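Protein chains: 2
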Amino acid sequence: MQKNFVLSTTDRHSKARRGQLTTAHGVIDTPAFMPIGTQGTVKAVTPRELRELDAQIILGNTYHLFVRPGLDVIKHFGGLHNFMNWDGPILTDSGGYQIFSLAKLRKITDGGVEFQNHIDGARAFISPEIAMEIQAALGGDIAMALDECVPYPCEYDYAAQSAELTTRWAKRCLEWKRRNGETAKRGLADSPDRGFADSMLFGIVQGATFDDLRQQSAQAIVELDFDGYAIGGVSVGEPEEEMMRAVESAEPFLPRDKPRYAMGLGTPPQLLEMIARGMDMFDCVLPTRLARNGTAFTTTGTLNLKNAQFALDKSPIEENCACDACREFSRGYIRHLIKAEEILGLRLITLHNLHSYLNLMKRARTEIESSTFDQFRKAFVAGYKTRDPMMVE
Amino acid sequence: MQKNFVLSTTDRHSKARRGQLTTAHGVIDTPAFMPIGTQGTVKAVTPRELRELDAQIILGNTYHLFVRPGLDVIKHFGGLHNFMNWDGPILTDSGGYQIFSLAKLRKITDGGVEFQNHIDGARAFISPEIAMEIQAALGGDIAMALDECVPYPCEYDYAAQSAELTTRWAKRCLEWKRRNGETAKRGLADSPDRGFADSMLFGIVQGATFDDLRQQSAQAIVELDFDGYAIGGVSVGEPEEEMMRAVESAEPFLPRDKPRYAMGLGTPPQLLEMIARGMDMFDCVLPTRLARNGTAFTTTGTLNLKNAQFALDKSPIEENCACDACREFSRGYIRHLIKAEEILGLRLITLHNLHSYLNLMKRARTEIESSTFDQFRKAFVAGYKTRDPMMVE
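Protein sequence lines correspond, in order, to chains V and H. For the first sequence, the numbering used here puts the final residue at 397, and the numbers step up evenly by one. For the second sequence, the numbering used here puts the final residue at 397, and the numbers step up evenly by one.
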């Protein structure tokens, strides 16, 4: 398989990049937003709807799928693509982030992490090698190295040691893939997918909020030679300024010809700021999670559709929006659905929010191609108001 | 407007009828199943999906819509069709059934019912005239007269008095419509709908489980001359045999040239039995409500998809089923979604169940046309197993 990343345009006024990443399941135009399919489904959305939304890649959460339904089930179905009936690209995370944020009784050693899952409390152990094995079984197109994601705030010494641990783990992930990639096929003979060797593996830069640690981590991870690089440990509660600096510290050390993925963020203005700082890929729970609480994203900010002001509002969530929710339903009706706790309400806002995020990336790509990205970004950020304190989780 | 009911075929071996009911928003082929749109949405389903499922009519619950979002909101949006973006026929119930089953502190007099709603406890009063006024504002194609639905079991004397009250109320409903139908237009000038005079009004037969009361009620209601007739007070907890008898007692007194609606039932075999007893229209929460609990309907019985036996099952909910859930997803995947409490799981089962009910009606219509309905019914009922104690609510 031809796995590659081609940069077609780089912005003259910012570090924004327009590229294409080719995977075994299709091409991803970057900058790209990846809807999150936590438990084998993007919440409340069908694969067909994802295709209609022009989602080019989704993210699968290794930890959640490992806990439920479990690897045996997903292997039996021939991998995650077959299981969930999504034939586009999938990126699987390493499971590390959820182990550190959801699981209980964690014990981290050089060998790996011991934990109890949050569903039934069963004990499990994950090492860099096991994280690879699991991701090989899931059969995504892009796998992530196991890393330790430290919380915010974090002491310098702990952050330094942790970043070094992440580097050692990254090396073991690469090593495992080199040794086992060809043989680590997914369960079923009728699977159209090829071995794990055809998947890409991304390394993750850590270093908390310390410029020198971010820099050292980036250099160490890049030296190992991955198919792409992620900035991890951002959007973990730090001020936005620190988040931007973490990316700015690492970015100069990332190779130009590999995709860069800023993990787990963010608001629409944050995505544009990250694109301006040279990032290509994003994933975030905000569009789907806030939808379930009645919050819609528009190009001028968020709307809490539970508010009484929308009760008689005949306009769509956003004027001129091309999504199905906006073409067919009013704010007043959607408000009623959300107030009455009707599933259709969160379905409609989810569709709108995903469209909003995916469309923002489409717009960013066009603006980069037209060398107008920087103006666009500035105007968008200036016009965007965060009306809802729920915005940042 | 031409509102009419045409019977094209009547079965030689049973009382089954094949007909067409023409309303302001389209034609309904009977026997017909009406998905329930309790709070202005068939739960978890979009109007577009309903059209794709070939649903020809849906039911709107007057009581729920009256409580939330309230009539002012729905009037402001120009009626229920506009509010929920469903342009097909709508039948609205009178609200009576929910007042008797959900609301608190009910006080029934000849004038009407005083109650406190189950959401915020606000007091309200509904009379036959108010029930008509509300339904005129909702703007459905078929309205129902206000009735008292007595519980099971019920004393003879109470059932007799109650059926008489229902007849007096029915008369007042007709009277209100005759006087106000032309002027009771829905709120908006841009509404494509015409006045309430164009809507049909159905009367409801009561009489609990007493043959003579059912007969008397049917005669009294039919004498008032409605556009259609419903059998109410069935599927309220009585044994299936009593339910069948209640319908059998009333049916001979219903005019042949008007549609008959058996309210609030039932399982797939029960629907076929009701069709064989001369009923044309049905509504039931089972397909949507049980879906949310993981129960799927098939032609051979129900499946509880939560069961461990389905964890590795690659087959669809039902072989050869043409619904989207069965064409695209496995039992194993849907089981995982339900166990993980993912909305997509109940969405898929809801689609399948509605398809199953609607398709059963389609099949029944074809079988009536081919004079093979009675064999079909017997074979279906014999082959249907209720595996799940949740079946009857």
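Heads up, the beta-carbon is just placed ideally off N, CA and C, and yes, glycines get one too. Keep in mind it's a predicted model, so treat the numbers as computed, not measured.
**Residues within the region 308-332 of chain H neighbouring chain V, beta-carbon criterion of under 9 Å** = 315, 316, 318, 328, 332
**Prompt:** Between the region 15-47 of chain V and chain H, which residues of the former have a C-beta closer than 9 Å to a C-beta of the latter?
**Reply:** 42, 43, 44, 45, 46, 47
**Proximal residues to residue 304 (chain H) (C-beta, below 8 Å), its chain only, five neighbours per side dropped** = 387, 388, 389
**Item:** 8 Å Cβ cutoff, residue 77 (chain V) in contact with chain H
**Value:** Residue contact check for residue 77 (chain V) against chain H: a CB pair falls below 8 Å.
**Asked** chain V beta carbons: is any one of them nearer than 8 Å to that of residue 175 (chain H)?
**Response** no
**Asked** When you compare each of H:57, H:383, H:369, H:96 to residue 21 (chain H) by their alpha carbons, which one comes out closest?
**Response** H:369
**Request:** Could you give the DSSP three-state label for residue 301 (chain H): helix, strand or coil?
**Result:** strand
**Request:** Step through the CB atoms of chain H and report whether any lies within less than 8 Å of the CB of residue 70 (chain V).
**Result:** No, residue 70 (chain V) does not count as interfacial toward chain H.
**Prompt:** Just checking my contact of residue 282 (chain H) with residue 255 (chain H) at CB under 8 Å: how many whole Å lie between their CB atoms?
**Reply:** 5 Å
**Same chain, Cβ closer than 8 Å to residue 24 (chain V), neighbours up to 5 away in sequence not counted** = 9, 10, 12, 31, 32, 33, 34
**chain H contact for residue 126 (chain V) (CB, 8 Å cutoff)** = no
**Request:** Ignore the nearest five residues each way along the sequence and tell me which others in residue 396 (chain H)'s own chain have a CB closer than 6 Å to its CB.
**Result:** Here the model assigns residue 396 (chain H) a pLDDT of 42, short of 50, so the residue's position is not dependable and the matter cannot be decided.
**Message:** For residue 92 (chain H) and residue 50 (chain H), I'd like the C-alpha separation in whole angstroms.
**Reply:** 13 Å
**Asked** Taking all protein chains shown into account, do 16 or more other C-beta atoms lie within 10 angstroms of the C-beta of residue 401 (chain H), making it buried, or fewer, making it exposed?
**Response** Since the first and last residues shown for chain H are 5 and 397, residue 401 (chain H) lies out of range.
**Item:** C-alpha gap between residue 89 (chain H) and residue 332 (chain V), whole angstroms
**Value:** Going by the C-alpha atoms only, they are around 7 Å apart.
**Sub-8 Å separation of residue 318 (chain H) and residue 346 (chain V) beta-carbons** = no
**Message:** For a test of the three-state rule: what should DSSP assign to residue 322 (chain H), helix, strand or coil?
**Reply:** coil
**Item:** Beta-carbon separation (whole angstroms), residue 344 (chain V) vs residue 43 (chain H), contact threshold 8 Å
**Value:** 5 Å
**Request:** Can you grab the Cα-Cα spacing for the pair residue 19 (chain H) / residue 330 (chain H), in whole Å?
**Result:** 33 Å
**Alpha carbon of residue 375 (chain H) to alpha carbon of residue 181 (chain H), nearest angstrom** = 39 Å
**Asked** So which residues of chain H does residue 344 (chain V) contact, with C-beta pairs closer than 7 Å?
**Response** 43, 72
**Message:** For the structure I just gave you, are there three or more beta carbon pairs, one from the region 232-247 of chain H and one from the region 351-368 of chain H, closer than 8 Å?
**Reply:** no
**Asked** Would residue 135 (chain V) pass as a contact of residue 105 (chain V) if the rule is Cβ separation under 8 Å?
**Response** no
**Prompt:** residue 341 (chain H) CB to nearest chain V CB: under 8 Å?
**Reply:** yes
**Message:** With H, G and I counted as helix, E and B as strand and the rest as coil, what does DSSP make of residue 387 (chain V)?
**Reply:** helix
**Request:** Give the secondary structure of residue 285 (chain H) by DSSP, where H, G and I count as helix, E and B as strand, and everything else as coil.
**Result:** strand
**Coarse secondary structure for residue 196 (chain H), derived from DSSP in three states** = Here residue 196 (chain H) scores only 47 on pLDDT, less than 50, and its place in the model should not be relied on; the value that follows carries that caveat. Residue 196 (chain H): coil per DSSP, three-state reduction.
**Item:** Top-ranked residue by Cα proximity to residue 37 (chain V), from V:367, V:231, V:377
**Value:** V:367
**Request:** Closer than 7 Å, Cβ to Cβ, to anything on chain H: give me those residues from the region 105-137 of chain V, in chain order.
**Result:** none
**Prompt:** Quick one, which of V:279, V:173, V:307 has its alpha-carbon nearest residue 221 (chain V)'s?
**Reply:** V:173
**Prompt:** Taking all protein chains shown into account, do 16 or more other C-beta atoms lie within 10 angstroms of the C-beta of residue 210 (chain V), making it buried, or fewer, making it exposed?
**Reply:** buried
**Asked** Alpha carbon to alpha carbon, what distance is there between residue 94 (chain V) and residue 124 (chain V)?
**Response** Rounded to the nearest angstrom, the two C-alpha atoms are 27 Å apart.
**Sequence ranges, beta strand (DSSP E) only - wholly within the region 72-152 of chain H, length at least 3** = 94-96, 108-112, 117-120, 127-130, 146-148
**Message:** Looking only at its chain, what residues have a beta carbon closer than 7 Å to the beta carbon of residue 158 (chain V), apart from the 5 residues adjacent to it on each side?
**Reply:** 212
**Prompt:** Within the 8 Å Cβ cut-off, does residue 356 (chain V) reach chain H?
**Reply:** No, residue 356 (chain V) does not count as interfacial toward chain H.
**Asked** Using a beta-carbon distance below 8 Å, is residue 193 (chain V) in contact with chain H?
**Response** With a pLDDT of only 42 at residue 193 (chain V), under the threshold of 50, the placement of this residue in the model should not be trusted; the figure read from the coordinates follows. No, residue 193 (chain V) does not count as interfacial toward chain H.
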